[in-house]
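**Student:** Take a look at this one; I'll ask things after.
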Amino acid sequence: GQQLNQSPQSMFIQEGEDVSMNCTSSSIFNTWLWYKQEPGEGPVLLIALYKAGELTSNGRLTAQFGITRKDSFLNISASIPSDVGIYFCAGQNYGGSQGNLIFGKGTKLSVKP
Amino acid sequence: NAGVMQNPRHLVRRRGQEARLRCSPMKGHSHVYWYRQLPEEGLKFMVYLQKENIIDESGMPKERFSAEFPKEGPSILRIQQVVRGDSAAYFCASSPPAGGGWGEQYFGPGTRLTVT
């Protein structure tokens, strides 16, 4: 089945630093979504991308839908302690099962004050 | 609270018992999805439902697992004769009718099932 490769697996950064993480796939996706999950909670939607090449921002977060439709990245600028959590990418493929979100394994972010 | 609601948040069952997990979608949403998450893993799709219809159950185990979304009331994920391997966090998500099952999905807080 389709798989998403998300990297890095974990990051330890200093408060104020910028962060970059990405997802790649061997097949095309039509939608890319980025979520953040904190311990004991459900994923919270951060950014949704619908067009190849699309660049979308949400506060200090910026995400892009790759031109090839096989990748996406998420940047966080000027990180703060509350950015700590696990960030997941998820993709949808119109050729696949309707509604089926495929998730990466997550990037665990730790921020040192 | 206009978000996706799930209950119970934590459920402990002994091997062989039944587990029932409930999900109420966001107000106005008509599409419900169930996902399972193992520790240190991403979420894995199980089933997609609309009111009174199962649209896609390609991620559901063939035995012991069933899901429904009745005309009235919450969506239910039912696991019969639970085994230790069923221990996981189960998340429900919903999306608005306009998307037709595509696009943004909003997740509930999850039910953590522990099988002893």
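Top line first, the protein sequences correspond to chains A and B. Residue numbers in the first sequence follow the numbering used here, run continuously in steps of one, and reach 113 at the last position. Residue numbers in the second sequence follow the numbering used here, run continuously in steps of one, and reach 116 at the last position. Heads up, the beta-carbon is just placed ideally off N, CA and C, and yes, glycines get one too.
1. Contact criterion: CB-CB distance below 8 Å. Does B:Trp102 meet it with respect to chain A?
2. In the structure shown, what three-state DSSP assignment does A:Ser27 receive?
3. Is B:Phe91 close to chain A? Criterion is C-beta to C-beta, closer than 8 Å.
4. By alpha-carbon positions, which one of A:Val19, A:Leu46, A:Phe103 and A:Leu61 ends up nearest to A:Gln125?
5. Quick one, which residues of the segment 64 to 95 of chain B are near chain A if we go by CB-CB under 7 Å, in chain order?
6. Could you check where the beta strand (DSSP E) with B:Trp102 kicks off and where it finishes?
7. Expressed to the nearest angstrom, what Euclidean distance is found between the alpha-carbon atoms of B:Cys92 and B:Phe45?
8. Compute the beta-carbon to beta-carbon distance between B:Phe69 and B:Leu43, rounded to the nearest angstrom, for a pair I have assumed lies under 8 Å.
9. Give the secondary structure of B:Arg78 by DSSP, where H, G and I count as helix, E and B as strand, and everything else as coil.
10. Can you tell me whether A:Gly91 is helix, strand or coil according to DSSP?
**Tutor:** Taking the definition as stated:
1. yes
2. coil
3. yes
4. For residue 125 of chain A there is no data in the structure shown, the boundaries of chain A being 1 and 113.
5. Phe91
6. Counting along the chain, B:Trp102 falls outside any beta strand (DSSP E), and DSSP gives it neither H nor E.
7. 10 Å
8. Not quite, the Cβ-Cβ distance comes to about 19 Å (not below 8 Å), so this is no contact.
9. strand
10. strand
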